[in-house]
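Engineer: Residue numbers for the sequence shown follow the numbering used here, so the first one is 189 and each next one is one higher.
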Amino acid sequence: MINMIKAFSRQFFGPKHESIGKSMLAAAFLFIAVYAAEFRIAIAPFILYLTSAFFSAGIMGQVLTGRRHMENMQGMFMLPFDNRSFVFSYVLVLGAHTLITKTLLIWVLFFAAASWSIWEMITAVICGCMACAVTAAGYRMCRKGHILLPLLWTAGILAAILLVCQWAAVLAVSTAGIAAAVLYLALADAYDFYSAVAAKRAVRNTGPAGSVFVYLTRCLMANKSYLVNTVGLCAIACFLPLLFGESQGLNMFPIGLGILCLNTPICTLLSCDPDLEQALRMLPGQAGRFCRKYCLFIFAVNRSMK
């Protein structure tokens with residue numbers, strides 16, 4: 189199982205696990221920046237639990253349905269493997285990738301902007317772990333045609349967080365959810381998480397010069413989960429001003445715009461697919477032109493925020 193974990197971790201975190209260091213460094217800078225700004229707000233604990241659970245579940249769902257790691261799984265299926273070790277290693281690494289590279293920044297923002305007890309922070313982390321495990325189990329249920337079960341499971345978790353609101357009860361429900369997901373995944377087959385992607389007919393560009401915009405648009409259309417991620421970020425950016433309003437004279441609307449600027453579909457696409465980023469840089473005369481246009485766009489948005 190250790191060898192399986194190492195193989196998957198190199199695929200998702202890089203050969204030298206450089207993604208972990210980058211995420212930790214970004215989280216440290218974000219915490220220091222928010223904490224040093226002395227920006228303090230009162231946040232209900234259930235908002236922290238809901239954000240930890242459903243944000244992690246959304247990212248985990250995107251990774252499970254992604255195309256890039258399906259090709260890697262196809263290569264690993266050619267080697268002899270233990271079925272249970274494969275499933276648990278796969279879910280464990282995907283969950284760690286989701287929590288470290290995505291949810292960690294959300295936790296840091298919450299922990300720096302409000303005061304929490306140690307048990308509330310532990311409960312939030314357990315909620316994120318539970319979300320990853322339950323999403324993996326729910327994904328297999330949907331693949332088996334049992335769509336109603338994940339919906340009922342999600343409704344039960346949502347009701348426990350919203351109605352009880354106590355960290356002890358939420359912690360107990362999250363722990364029970366992890367245990368139930370582990371028991372269910374123990375019976376899963378490794379091929380339940382593999383989805384064969386139908387080969388699409390290549391479109392030839394007969395013009396005198398290629399277009400990076402058309403190239404990236406085709407990539408986005410082939411990975412619609414990135415567009416769903418952008419819609420969710422837009423919802424979060426619109427929800428922040430309604431949730432916090434004018435807190436201590438700070439307008440949350442520019443912060444929402446900043447979230448959108450740092451998490452555009454192009455940024456998400458390139459950060460999740462290093463091979464695509466490398467291919468983009470190799471296009472003749474296109475990488476620099478695209479980067480200049482994108483930097484000018486970010487600069488213009490930042491100017492409007494000021």
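Glycine residues also receive a C-beta, built at the ideal position from the N, C-alpha and C atoms.
1) Taking 8 Å as the cut-off, decide whether the C-beta atoms of Ser240 and Cys315 are in contact.
2) For Arg491, which residues of its own chain have a beta-carbon under 6 Å away from its beta-carbon, when the five flanking residues on both sides are left out?
3) Quick check on this structure: which residue in Leu280, Gly263, Thr253, Phe265 has the alpha carbon closest to the alpha carbon of Arg194?
4) Can you give, in chain order, each stretch of the alpha helix (DSSP H) that sits fully within the region 220-292 and has at least 4 residues?
5) Are the beta-carbon atoms belonging to Tyr237 and Thr311 less than 8 Å from one another?
6) Taking the alpha helix (DSSP H) that Pro338 falls in, what are its first and last residues?
7) Taking C-alpha atoms, which residue in Ala360, Asp380, Leu350, Ser211 lies nearest to Phe242?
8) Relative to the C-alpha of Ala302, which candidate in Ser211, Ile229, Gly333 has its C-alpha closest?
9) Determine the closest residue to His285 out of Ser383, Met189, Gly202, with distance taken between C-alpha atoms.
10) Taking DSSP as the reference, what is the three-state secondary structure of Leu383?
11) Quick check on DSSP: helix, strand or coil for Cys317?
12) Tell me the rounded alpha-carbon separation between His366 and Val402.
13) Please state whether DSSP places Ala374 in a helix, a strand or coil.
14) Can the beta-carbon of Ala325 be found closer than 8 Å to that of Leu373?
15) Please state whether the Cβ-Cβ distance between Phe234 and Cys353 is less than 8 Å.
16) Please report the residue range of the alpha helix (DSSP H) in which Ala195 lies.
17) Our contact map puts Ala376 next to Val275 with C-beta atoms below 8 Å; I'd like the distance itself, whole angstroms only.
18) Spatial neighbours of Ala300 within its chain, please: CB distance less than 6 Å, with the 5 preceding and 5 following residues excluded, ordered by chain position.
19) Would you report the Cα separation of Ala423 and Leu267, rounded to the nearest angstrom?
20) Might you give, ordered along the chain, the residues of its own chain that have their beta carbon closer than 7 Å to the beta carbon of Val296, omitting 5 neighbours on each side?
21) By how many angstroms is the C-alpha of Glu226 removed from the C-alpha of Gly246?
Structural biologist: Here's the rundown:
1) For the purposes of this step, residue 240 is taken as the residue at position 52 of the sequence shown. For the purposes of this step, residue 315 is taken as the residue at position 127 of the sequence shown. It is a contact, given that the beta carbons lie within the stated cut-off.
2) Here residue 491 corresponds to residue number 303 of the sequence shown, with the count starting at 1. Only weak support exists for where Arg491 lies, its pLDDT of 48 falling under 50; the value from the coordinates is given anyway. Taken in chain order, the list of residues that qualify is empty.
3) By 1-based counting over the sequence shown, the position of residue 194 is 6. It is Lys, not Arg, that sits at residue 194 in the sequence shown. Among Leu280, Gly263, Thr253, Phe265, the Cα nearest to that of Lys194 belongs to Leu280.
4) 233-252, 256-265, 271-286
5) By one-based count along the sequence shown, residue 237 stands at place 49. By one-based count along the sequence shown, residue 311 stands at place 123. For Tyr237 and Thr311, yes; Cβs fall inside 8 Å.
6) Counting from one through the sequence shown, the residue named residue 338 turns up at place 150. Where Pro338 is concerned, the enclosing alpha helix (DSSP H) stretches over 336-347.
7) Here residue 242 refers to the residue found at position 54 when the sequence shown is read from its first residue. Phe242 has its Cα closest to that of Leu350, out of Ala360, Asp380, Leu350, Ser211.
8) By one-based count along the sequence shown, residue 302 stands at place 114. The shortest C-alpha separation from Ala302 is found at Ile229.
9) In the sequence shown, counting from the first residue as 1, residue 285 sits at position 97. The candidate whose alpha carbon is nearest that of His285 is Gly202.
10) Along the sequence shown, one-based indexing puts residue 383 at 195. According to the sequence provided, residue 383 is Ser. The question's Leu does not apply to it. Ser383 falls in the coil class under three-state DSSP.
11) For the purposes of this step, residue 317 is taken as the residue at position 129 of the sequence shown. It is helical.
12) Locating residue 366 in the sequence shown gives position 178, counting from the first residue. Locating residue 402 in the sequence shown gives position 214, counting from the first residue. Note that residue 366 is Ile in the sequence shown here, rather than His. So the two alpha carbons sit approximately 43 Å from each other.
13) Here residue 374 refers to the residue found at position 186 when the sequence shown is read from its first residue. Note: Ala374 maps to coil in three-state DSSP.
14) Translated into positions along the sequence shown, residue 325 becomes position 137. Translated into positions along the sequence shown, residue 373 becomes position 185. Cβ atoms of Ala325 and Leu373: closer than 8 Å.
15) As a first step, residue 234 is located in the sequence shown; it is residue number 46 there, counting from the start. As a first step, residue 353 is located in the sequence shown; it is residue number 165 there, counting from the start. For Phe234 and Cys353, yes; Cβs fall inside 8 Å.
16) Locating residue 195 in the sequence shown gives position 7, where the first residue counts as 1. That run of the alpha helix (DSSP H) goes 190-201.
17) As a working mapping, residue 376 is identified with position 188 in the sequence shown. As a working mapping, residue 275 is identified with position 87 in the sequence shown. Right, the Cβ-Cβ distance comes to about 5 Å (below 8 Å), so this counts as a contact.
18) For this step, residue 300 is matched to residue 112 along the sequence shown. For Ala300, where only same-chain residues beyond five positions count, the Cβ hits under 6 Å are Phe219, Val222, Tyr223.
19) Looking up residue 423 in the sequence shown gives position 235. Looking up residue 267 in the sequence shown gives position 79. Going from the Cα of Ala423 to the Cα of Leu267 covers about 43 Å.
20) Taking the first residue of the sequence shown as position 1, residue 296 is located at position 108. Result list for Val296: Ala215, Leu218, Phe219, in chain order.
21) Indexing the sequence shown from 1 puts residue 246 at position 58. Indexing the sequence shown from 1 puts residue 226 at position 38. Approximately 30 Å between the Cα atoms of the pair.
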